[in-house]
Amino acid sequence: MFLRPRCFFRTARVTPVRFVASKAIEKDVIARYKEKLDRKARELGAADAEQLKEKLKDEIEKKKLEMNKIDPLKELETFEKAQQNTVRKKAKERSPIDPSTPKDPYKTLNSYLDLQKIKGLEANEIEFLWRLRFQKGENTLSAVVPTSTFERLFNNAIKNPTFVLPLPREDAQVEGEGKGDPVEIHFVQWNFVGPNTTHVLITSLAEYKLHKEYARPHTTVMFHQELKEDKGIVMMNGQVEKDASVTLQEAQLLLLNVQRFYGGLAETTSESNQKRLELLRRFNSGDPAFSMEELIELAQRMEN
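Everything in the sequence shown is counted per UniProt numbering, starting at 1 for the first residue and increasing by one.
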């Protein structure tokens with residue numbers, strides 16, 4: 001475990017905006033075209049439209065699943081429309097990454113500690129040096145992750161490289177009446193940049209939708225795997241941008257839920273853990289059963 005929850009989540013408020021008027025519209029259509037529907041039903045060997053509907057129920061459900069295969073980010077648009085002011089008003093508007101800017105080489109463990117020198121040290125001595133290296137850094141994150149924990153995260157990330165996470169925010173605004181606090185949605189991306197280096201980028205969903213691949217992440221986390229086999233540890237460090245609309249504590253909360261949804265907190269078969277993993281799979285497969293309400297509810301649970 002490399003982050004521990006320090007506070008309880010507040011209850012998040014969600015306004016159910018999907019399919020608000022669908023039932024009323026369906027009833028109106030049936031009332032207006034009942035005679036034609038019944039006639040068509042008789043042609044197909046049923047007494048009326050209701051009997052035909054029941055007769056074809058399984059086929060209808062199958063077609064619905066095929067037609068409703070979703071792009072999970074598009075599915076979130078409805079939820080976003082209920083959050084017109086999710087990004088803080090006091091936050092500066094962050095410009096996207098300039099596509100013409102040359103990319104810096106990614107950093108490895110050797111960029112921070114002399115790999116050859118620390119290989120002769122014990123794991124606890126390396127951990128001490130690692131934490132000391134980032135002790136005075138502003139808005140920095142650092143941890144030493146057991147190999148077993150990292151492998152659970154990594155294996156789930158390979159199969160499910162993107163996700164979304166809610167962050168309770170007092171100034172996020174959700175339309176409609178409901179209990180609890182509103183939330184802001186953040187987009188999580190895993191990048192496998194090198195043989196021993198893995199990045200996690202966290203961006204507000206509003207910025208990601210606006211700038212796509214050029215959106216500037218507010219939090220970047222790096223996992224360095226050079227000591228994974230010999231010492232049984234993976235070194236982690238990260239940075240929250242100075243002009244980000246999230247605080248260090250909020251970034252830590254998001255990272256805690258990255259661990260929880262990617263199976264990194266414990267080898268557990270608890271109901272909550274299994275539901276989180278299933279929701280992660282649904283998002284990445286475009287399953288229409290993916291639910292924002294369930295996501296927020298599972299993010300709030302303190303049970304692992």
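Positions of the beta carbon are idealized from the N, C-alpha and C atoms, including for glycine.
Alpha-carbon spacing of residue i relative to residue j, whole angstroms
{"i": "residue 238", "j": "residue 288", "result": "33 Å"}
{"i": "residue 46", "j": "residue 204", "result": "52 Å"}
{"i": "residue 112", "j": "residue 133", "result": "8 Å"}
{"i": "residue 283", "j": "residue 161", "result": "10 Å"}
{"i": "residue 48", "j": "residue 253", "result": "56 Å"}
{"i": "residue 184", "j": "residue 248", "result": "16 Å"}
{"i": "residue 129", "j": "residue 228", "result": "17 Å"}
{"i": "residue 116", "j": "residue 226", "result": "11 Å"}
{"i": "residue 250", "j": "residue 114", "result": "32 Å"}
{"i": "residue 164", "j": "residue 246", "result": "16 Å"}
{"i": "residue 290", "j": "residue 296", "result": "12 Å"}
{"i": "residue 285", "j": "residue 208", "result": "19 Å"}
{"i": "residue 319", "j": "residue 199", "result": "Residue coverage of the chain in this structure runs from 1 to 304, which leaves residue 319 outside it and unanswerable."}
{"i": "residue 143", "j": "residue 55", "result": "59 Å"}
{"i": "residue 59", "j": "residue 216", "result": "45 Å"}
{"i": "residue 135", "j": "residue 242", "result": "17 Å"}
{"i": "residue 41", "j": "residue 57", "result": "14 Å"}
{"i": "residue 159", "j": "residue 206", "result": "25 Å"}
{"i": "residue 303", "j": "residue 39", "result": "55 Å"}
{"i": "residue 131", "j": "residue 110", "result": "15 Å"}
{"i": "residue 35", "j": "residue 50", "result": "12 Å"}
{"i": "residue 175", "j": "residue 125", "result": "Model confidence at residue 175 stands at a pLDDT of 36, short of 50, so the residue's coordinates are unreliable; what they give is reported in the following sentence. Looking at the two C-alpha atoms, the distance is approximately 52 Å."}
{"i": "residue 274", "j": "residue 195", "result": "29 Å"}
{"i": "residue 127", "j": "residue 232", "result": "12 Å"}
{"i": "residue 214", "j": "residue 137", "result": "26 Å"}
{"i": "residue 85", "j": "residue 301", "result": "Only weak support is given to the placement of residue 85: the predicted model assigns it a pLDDT of 49, under 50, and the question is left unresolved by the model."}
Proximity below 8 Å, CB of residue i to CB of residue j
{"i": "residue 234", "j": "residue 108", "result": "no"}
{"i": "residue 263", "j": "residue 169", "result": "no"}
{"i": "residue 244", "j": "residue 218", "result": "yes"}
{"i": "residue 240", "j": "residue 139", "result": "yes"}
{"i": "residue 265", "j": "residue 141", "result": "no"}
{"i": "residue 186", "j": "residue 201", "result": "no"}
{"i": "residue 261", "j": "residue 150", "result": "no"}
{"i": "residue 106", "j": "residue 197", "result": "yes"}
{"i": "residue 145", "j": "residue 236", "result": "yes"}
{"i": "residue 270", "j": "residue 298", "result": "no"}
Supposed close pair residue i, residue j - CB separation, criterion 8 Å
{"i": "residue 280", "j": "residue 294", "result": "Contact flag wrong, Cβ pair sits at about 12 Å."}
{"i": "residue 52", "j": "residue 44", "result": "6 Å"}
{"i": "residue 277", "j": "residue 156", "result": "7 Å"}
Closer than 7 Å: residue i CB and nearest the ligand SAH heavy atom
{"i": "residue 292", "result": "Looking at this structure, you won't find the ligand SAH or any other ligand, since it has none at all."}
Is it a yes or a no for the region 190–210 touching the region 111–121, going by three-plus beta-carbon pairs under 8 Å?
The region 111–121 and the region 190–210 do not touch, with fewer than three beta-carbon pairs separated by less than 8 Å.
Could you pull out every unbroken beta strand (DSSP E) segment of at least 3 residues lying fully inside the region 221–280, listed in chain order?
You should have 233–240.
4 or more residues per run - each alpha helix (DSSP H) lying fully within the region 116–196:
Listed in chain order, they are 123–133 and 147–159.
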